[in-house]
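Remarks on the structure that follows.
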Amino acid sequence: MRRLFDFLFSVAGLLIIWPVGLVLYIIGLFDTGSPFFIQERVGKNQKPFRLVKFRTMRKDTKSVASHLADPSAITKFGHFLRKTKLDELPQLINVAKGDMSFVGPRPNLYNQTELIAERDKLGVYNHLPGITGLAQINEIDMSTPVLLAETDAQMMEGLTLRRYFYYIFATVLGKGQGDRVKGEG
């Protein structure tokens, strides 16, 4: 049932927000010259997939988890995108394709070995990664891998349709901060 909602809402979202996406894309061209950020992430059953977001950092920024990134790498437009969570909009493509769900554990990088081990132990990779979830609305990020893996496992074990919608609405209404970079408030 969640997959049906994921597909329908992501396609509807893409159709509705494409004008906003086009404006953000054009501004991104002027900001970094490359508006999309595409990165290989760990998906369901630890299979790789390519995550799509609007770029918020300079193109030459080292590919590390957000909490390890240099805060000076974030562009002015990138700050706006992160604060409003608009950088996440292209992930609707990942949701429509079935690489992600709206709700699930945030997909991590392959070099986050401690988080991978913890999530693997708890069966978190048996589920699609998501745009948002319990950890995100409670501001738990990848800098605390054990707590994050435990929170993700707790969420997935108790995920009902009601909680699925709660996590989405809580995120849309501004609960949580998204992926923070060290030194960001």
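Residues 191 to 375 in the numbering used here are what the sequence shown lists, from first letter to last.
Positions of the beta carbon are idealized from the N, C-alpha and C atoms, including for glycine.
- prompt: Considering only the beta carbon of each residue, do G233 and D289 sit closer than 7 Å?
  reply: yes
field: Of the listed residues L305, I217, L351 and K243, nearest to R192 (C-alpha basis)
entry: L351
message: Just to confirm, is the Cβ distance from F292 to L271 under 7 Å?
response: no
message: Out of K311, F359 and L338, which one is the CA nearest neighbour of P297?
response: L338
- prompt: Going straight from the alpha carbon of A307 to that of K237, what length do you get?
  reply: Rounded to the nearest angstrom, the two C-alpha atoms are 15 Å apart.
- prompt: Are the segment 340–349 and the segment 315–330 touching by the rule of at least three beta carbon pairs closer than 8 Å?
  reply: yes
task: Could you tell me the distance, in whole angstroms, from the CA atom of P209 to the CA atom of P335?
output: 37 Å
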